[in-house]
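Just so you know, we're using the UniProt record's numbering here: the sequence shown kicks off at 1 and counts up by one.
This report refers to the structure that appears directly beneath it.
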Amino acid sequence: MNYIYLLINVAVIFFPLVLSFDKKVHFFSKWKFVFPAILLTGMVFLVWDVLFTKLNVWSFNPRYLIGINLLGLPLEEILFFLTVPYACIFIYECLNAYFPKNGLQKYSLAVSNLFLGLCIAILFFGYNRWYTLINFGFLLIVLAYVEYVNVEFRFMYRFYRAYLVSLVPFYIVNGFLTAIPVVMYNNKENMGFRIGTIPFEDHFYLMSLLLMNIFLYELFKGRAAKLINKGDY
1 MNYIYLLINV AVIFFPLVLS FDKKVHFFSK WKFVFPAILL TGMVFLVWDV LFTKLNVWSF
61 NPRYLIGINL LGLPLEEILF FLTVPYACIF IYECLNAYFP KNGLQKYSLA VSNLFLGLCI
121 AILFFGYNRW YTLINFGFLL IVLAYVEYVN VEFRFMYRFY RAYLVSLVPF YIVNGFLTAI
181 PVVMYNNKEN MGFRIGTIPF EDHFYLMSLL LMNIFLYELF KGRAAKLINK GDY
């Protein structure tokens, strides 16, 4: 039983890793952009995770852990920031490769504005709960930066498509983690509203995690392309 969280991590990354050598997607050839994006994003979210663990926003059930801890976090939780982003960026690239045309492009800014408004509204009512405050505050900052400060490249229409598809494995994985439960939430620090056993905030935690990873991934790809065009890469 103490291998449950580790097995969930393995299950999350297994098929994306095996299928990374698909001839159409060639995801393995993009690893040089994928892993730096995952590493930088993971550092930010690990700080967040350590803080929330100390503040008792959430905790981990030792019955389902192998017992190795780093920075006060279970090893499995740290691996989560590798396996989940890898799988989500893989989904993003598969959709881009197999469905290059995207009808959502003209609606992406309106969707972003809707989410920005939602973040502001929720922060107004939920600012006194740690998970709600940090989660929606962080998403507000990242989303506003990507849409209104970043003018170098646009990718949000592809991001929203990948996010919607990623919700399918999200419900499976987070469903297990919160139903067993492997991860236990302190409802005093969130809105107390759940979809099944999954806290409402988790949906936007995934959005923040995926958005930062894909933004950095596209940033690194774009800079490499510029160097190639200049003949310096």
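Think of the CB as a built atom: it goes at the ideal place given N, C-alpha and C, for glycine as much as any other residue.
All of these numbers come straight from a predicted model, not from anything done at the bench.
Use the C-beta contact count for residue i: other C-beta atoms within 10 angstroms, 16 or more gives buried, fewer gives exposed.
{"i": "A162", "result": "buried"}
{"i": "I195", "result": "exposed"}
{"i": "I228", "result": "exposed"}
{"i": "M184", "result": "exposed"}
{"i": "V149", "result": "exposed"}
{"i": "N56", "result": "exposed"}
{"i": "S108", "result": "buried"}
{"i": "K106", "result": "exposed"}
{"i": "R158", "result": "buried"}
{"i": "F99", "result": "exposed"}
{"i": "N84", "result": "First, the amino acid is wrong: residue 84 is Val here, not Asn. So V84 ends up on the buried side."}
{"i": "F28", "result": "exposed"}
{"i": "Y160", "result": "buried"}
{"i": "K226", "result": "exposed"}
{"i": "K30", "result": "buried"}
Would you kindly check if the distance between the Cβ of residue j and the Cβ of residue i is under 8 angstroms?
{"i": "S112", "j": "E152", "result": "no"}
{"i": "Y92", "j": "V34", "result": "no"}
{"i": "N9", "j": "E76", "result": "yes"}
{"i": "L40", "j": "L216", "result": "yes"}
{"i": "C119", "j": "V25", "result": "no"}
{"i": "residue 234", "j": "I4", "result": "Absent from the model: residue 234. The displayed extent of the chain is 1 to 233, so no value can be given."}
{"i": "L82", "j": "P74", "result": "no"}
{"i": "L123", "j": "I78", "result": "no"}
{"i": "W130", "j": "F52", "result": "yes"}
{"i": "N213", "j": "A37", "result": "yes"}
{"i": "L140", "j": "L116", "result": "yes"}
{"i": "T197", "j": "A224", "result": "no"}
{"i": "L210", "j": "L143", "result": "no"}
Residue i: which of the options sits nearest, CA to CA?
{"i": "L71", "options": "R63, M43 and L114", "result": "M43"}
{"i": "N190", "options": "V183, P199 and F80", "result": "P199"}
{"i": "W58", "options": "K226, M207, K188 and A225", "result": "K188"}
{"i": "I134", "options": "L210, Y171, Y205 and K230", "result": "Y205"}
{"i": "F193", "options": "G126, N213 and I4", "result": "G126"}
{"i": "S208", "options": "T178, V173, S166 and K230", "result": "S166"}
{"i": "P16", "options": "F90, F80, V47 and D49", "result": "F90"}
{"i": "G175", "options": "H203, R154 and Y160", "result": "H203"}
{"i": "E201", "options": "A144, N96 and F170", "result": "F170"}
{"i": "G67", "options": "S29, D49 and L6", "result": "L6"}
{"i": "F155", "options": "V50, Y145 and E218", "result": "E218"}
{"i": "W48", "options": "F136, W31, K226 and V168", "result": "F136"}
{"i": "V168", "options": "R63, C88, S29 and K230", "result": "C88"}
{"i": "K32", "options": "K226, K221 and K230", "result": "K221"}
{"i": "L177", "options": "K30, R63, K230 and V50", "result": "R63"}
{"i": "F80", "options": "K230, A110 and V173", "result": "V173"}
Which class does residue i belong to by DSSP, given the choice of helix, strand or coil?
{"i": "L71", "result": "coil"}
{"i": "F99", "result": "coil"}
{"i": "P36", "result": "helix"}
{"i": "M1", "result": "coil"}
{"i": "I185", "result": "What sits at residue 185 in the sequence shown is Tyr, not Ile. The answer is strand: DSSP assigns Y185 an E or B state."}
{"i": "F193", "result": "coil"}
{"i": "F138", "result": "helix"}
{"i": "F60", "result": "strand"}
{"i": "I198", "result": "strand"}
{"i": "V151", "result": "coil"}
{"i": "N174", "result": "helix"}
{"i": "Y92", "result": "helix"}
{"i": "R129", "result": "coil"}
{"i": "H26", "result": "coil"}
{"i": "L55", "result": "coil"}
{"i": "I8", "result": "helix"}
Any idea which residues DSSP pairs residue i with across the strands?
{"i": "S112", "result": "Answer is none; S112 lacks a bridge partner."}
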